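If you read the protein sequences in the order shown, they are chains S and R. In this text, residue positions in the first sequence follow the working numbering: the first is 1297, and each later residue adds one. In this text, residue positions in the second sequence follow the working numbering: the first is 13, and each later residue adds one. Even for Gly, the Cβ is constructed at its ideal location relative to N, Cα and C. This structure is a prediction, so every number in the text was calculated from the model and none was measured.
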Amino acid sequence: MGVPSVGSKLEPILKTENLWKVFRAGSLDVAALRGINLDIFAGEFVSVMGPSGCGKSTLLHVIGGLARASRGRVLLDGNDLTSLGDAGRTLLRRHKVGFVFQRFNLLPTLDARGNIALAQHIHGDGFDPHRFDVVTQMLGLRERLEHRPSELSGGEQQRVAIARAIINEPKIVLADEPTGNLDTKNSENVLGLLRQLNKDLGQTIVMITHNPEAAAYGTRVLHMRDGLVVDGAAAN
Amino acid sequence: MIKHMILRNILYRPVRTLITIIAVGVEVTLVLTVVGLTSGMLSDTAKRIEGIGADIMVQPPSASVFMAFSGAPMPIEIGQRLAQIKNVQAVAPVLLQFNSTNGLDIIYGIDPVTFGQVSGGFVFHAGHELQAADDILVDDWYAKGRKVEVGDTLHVLGHDFHVAGIVEHGKGARLFVLMSTLQDLSGARDKASVFFIRCDKPEQTEKVIGLISALLPHYEVRPLRDYMSLMTSSNLPGLKTFIDSMIWLAAAIGFLVILLSMYTTIIERTREIGVLKSLGASRSYVVRVILSETTALCVAGIVLGFGMSYGVRMLFLAVFPTLTILITPIWLLKAAGLAIVGGWLGATYPAWLASRKDPIEALAYE
Ligand SMILES: Nc1ncnc2c1ncn2[C@@H]1O[C@H](COP(=O)(O)OP(=O)(O)OP(=O)(O)O)[C@@H](O)[C@H]1O
Ligand SMILES: [Mg+2]
């Protein structure tokens, strides 16, 4: 937590080396990622943009350990994901990654509190009421904790999803079009909160978006095309 | 946390949950009722036969322990030969007949004199000993259950009998008529199904059995002292097969319903399983969630099944007051165990499927 130190900037929290992901569709091979080299440092808020089908989601899945790379390496907080099996990647997801999805993906049967607590339960370090309070306070969820997803607005649902993603203090938050299902007002709210998390808690975030205004909330914007990162200029 | 999630999940689909619970309840009820009914009948019969007070029972070759099921009669002259054996005090031939009018009853055709000698005689609550050909004696339970009184007419075996007396229960059957009458009715002239024998002294039982066996090789000669222990379903091959198949049938119901229910559950919750996996839930965590949910459903079903079993017993006893249905703690446990194990087996495949789902495909599931 807190502002990242200069020291931590030297070693990227996430690094990919010549990362490939090839899907086999019937007899056809589809290369979704074609040799991506990427460094993301602790405390960064990176926006990823690019046309539909260029491999943004695939990149997020592979660096988050949801999918296996076909070739190349992914180093997350010093761990080589590509050498890990299913169980190893599961552990890494549990301890180092927080996902936020376009469709919120809250469990419909649980209220907001249950959805957040579920992540803590899976993490397995017991229930940390302090962290829970800080996070729900910050995301403005204190009054909505006893409500189920169906009783929450889209913006509120996404805030619950963000709370769930950061409750276990992951090294990195990976958000795939988190405002894709939200109206402008709620989008701004959610983006503002992500920026606040990044600034105040030093949370490293990678966010996919189609919207340049949303991308501008990040500290850096990456552009992808045909499975490659085509630039990495720091936004300012 | 898992407990909370499971509770929410099973409440989320109340109809499916209810159907699953009822199916498990039926499974448990089926087991308890079938076992309770058969073991109740067996122990009832055993008690009553022990209650006759005879020392030895002689049946034709290869007759079943559960003698009412084996009609195969013997010539009545055998009785005279038995009576001549040393230390035999009295021999009572009895002809057995099943009556299925108004429930199942065994009727004893007896000769009041010899039956009295062997059993020490009936204790009469009302009325008198068998005299006329159409006289019938009923025991007090039968009388109470069917509201029969002395002087009433009782329709059994297609005949109208006159209730001559009400006797204390526990003398082999609940209904007694004259042997000659029963012989006429069943076309078994000069035949008996079983001989009950009283020895001069109970200690002579072993010796007398030896003598009878020498006289009548191949006949079934049994001491009655531990008759109860013989009256178990494992000594009755046909009955045991029946009970076993009913238990398997019940277990199959539970297994299949849980399999189907959990299978639809995990298909329906594919995306949620993807979410659990994205949060870092291991395969074993997913399996645990599914199995815990199954356990919860089974436990609810078991509780319902226990209640239903006692309900069914009450219903049965209301219709057939002379029946005994034994629901024992051991069988409550066994039925519960069967339901849980069957449920887990049924949930194994869905749980395995769920645990192996690819998280990305699962998250993309509509
Ligand atoms: N499971 C799969 N099997 C085969 N091809 C796939 C699979 N998943 C993705 N692809 C292909 O990989 C490419 C990249 O897909 P990806 O979902 O990463 O794109 P994206 O940049 O996220 O697009 P969008 O902006 O529409 O979400 C696409 O051509 C897609 O068709
Ligand atoms: Mg995408």
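Cβ-based neighbour list, residue i, same chain, cut-off 8 Å, excluding 5 preceding and 5 following
| i | result |
| --- | --- |
| residue 152 of chain R | 137, 178, 179, 180, 181 |
| residue 377 of chain R | 282, 283, 286 |
| residue 117 of chain R | 110, 111, 154, 168, 185, 186, 187, 334 |
| residue 129 of chain R | 101, 102, 104, 210 |
Own chain residues within Cβ distance below 6 Å of residue i, not counting five before or after
| i | result |
| --- | --- |
| residue 1394 of chain S | 1461, 1462, 1466, 1469 |
| residue 1445 of chain S | 1402, 1404, 1453 |
| residue 1311 of chain S | 1335, 1371 |
| residue 1514 of chain S | 1341, 1342, 1343 |
| residue 198 of chain R | 109 |
| residue 1438 of chain S | 1432 |
| residue 24 of chain R | none |
| residue 1413 of chain S | none |
| residue 1434 of chain S | none |
| residue 216 of chain R | 99 |
| residue 1358 of chain S | 1317, 1365 |
| residue 239 of chain R | 58, 61, 62 |
| residue 358 of chain R | 267, 270, 271 |
| residue 40 of chain R | 314, 317, 347, 351 |
| residue 18 of chain R | 304, 305, 308 |
One or two residues paired with residue i in a DSSP bridge
| i | result |
| --- | --- |
| residue 109 of chain R | R/119 |
| residue 1394 of chain S | S/1469 |
| residue 195 of chain R | DSSP output for residue 195 of chain R lists no bridge partner at all. |
| residue 1350 of chain S | Per DSSP, none; premise fails for residue 1350 of chain S. |
| residue 45 of chain R | Answer by DSSP bridge pairing: none, since residue 45 of chain R is not bridged. |
| residue 1345 of chain S | S/1519 |
| residue 87 of chain R | R/203 |
| residue 1320 of chain S | S/1325 |
| residue 1356 of chain S | Answer is none; residue 1356 of chain S lacks a bridge partner. |
| residue 1312 of chain S | S/1334, S/1370 |
| residue 1375 of chain S | S/1372 |
| residue 211 of chain R | R/100 |
is_contact[residue i, chain R] using C-beta, thresh 8 Å
| i | result |
| --- | --- |
| residue 1384 of chain S | no |
| residue 1390 of chain S | yes |
| residue 1519 of chain S | no |
| residue 1395 of chain S | yes |
| residue 1459 of chain S | no |
| residue 1309 of chain S | no |
| residue 1546 of chain S | The question about residue 1546 of chain S has no answer here: the residues shown for chain S are numbered 1297 through 1532. |
| residue 1327 of chain S | no |
| residue 1415 of chain S | yes |
| residue 1418 of chain S | yes |
| residue 1372 of chain S | no |
| residue 1387 of chain S | yes |
is_contact[residue i, chain S] using C-beta, thresh 8 Å
| i | result |
| --- | --- |
| residue 371 of chain R | yes |
| residue 367 of chain R | no |
| residue 309 of chain R | no |
| residue 375 of chain R | yes |
| residue 13 of chain R | yes |
| residue 326 of chain R | no |
| residue 16 of chain R | yes |
| residue 290 of chain R | yes |
Supposed contact pair residue j and residue i - C-beta distance, whole angstroms, cut 8 Å
| i | j | result |
| --- | --- | --- |
| residue 21 of chain R | residue 305 of chain R | 6 Å |
| residue 1511 of chain S | residue 1517 of chain S | 5 Å |
| residue 1318 of chain S | residue 1366 of chain S | 4 Å |
| residue 1415 of chain S | residue 375 of chain R | Actually they are not in contact, since the Cβ atoms of residue 1415 of chain S and residue 375 of chain R sit about 15 Å apart, beyond 8 Å. |
| residue 1535 of chain S | residue 1504 of chain S | In the structure as shown, chain S starts at 1297 and stops at 1532, and residue 1535 of chain S therefore has no counterpart that could be examined. |
| residue 1409 of chain S | residue 1442 of chain S | 7 Å |
7 Å Cβ shell around residue i - same chain, five flanking residues per side excluded
| i | result |
| --- | --- |
| residue 312 of chain R | 33 |
| residue 221 of chain R | 68, 233, 235 |
| residue 157 of chain R | 333, 334 |
| residue 1360 of chain S | 1389, 1393, 1395, 1470 |
| residue 1308 of chain S | 1335, 1336, 1337 |
| residue 273 of chain R | 28, 32 |
Residue i at chain A interface by Cβ criterion, 8 Å
| i | result |
| --- | --- |
| residue 1380 of chain S | Of the protein chains in the structure, S and R, none is chain A. |
With 8 Å as the C-beta to C-beta threshold (strictly closer), list the residues of the region 254 to 288 of chain R near chain S in chain order.
-> 283, 284, 286, 287, 288
Quick one, which residues of the region 1498 to 1511 of chain S are near chain R if we go by CB-CB under 9 Å, in chain order?
-> none
Where the region 1397 to 1409 of chain S meets chain R: residues whose CB sits under 9 Å from a CB there | 1397, 1399, 1401, 1402, 1403, 1404, 1405, 1406, 1407
Given a limit of 9 Å on CB to CB distance, which residues of the region 292 to 304 of chain R reach chain S?
-> 292, 293, 294, 295, 297
Could you please tell me which residues of the region 20 to 38 of chain R, in chain order, have their CB closer than 7 Å to any CB of chain S?
-> 20, 21, 24
Check each residue of the region 1426 to 1456 of chain S: if its Cβ is closer than 7 Å to any Cβ of chain R, include it; give the result in chain order.
-> none
Contact residues within the region 1462 to 1489 of chain S, judged by C-beta distance below 7 Å to chain R | none
Taking only beta carbons into account, state which residues of the region 1350 to 1364 of chain S come closer than 7 Å to chain R, listed in chain order.
-> 1357, 1362, 1363
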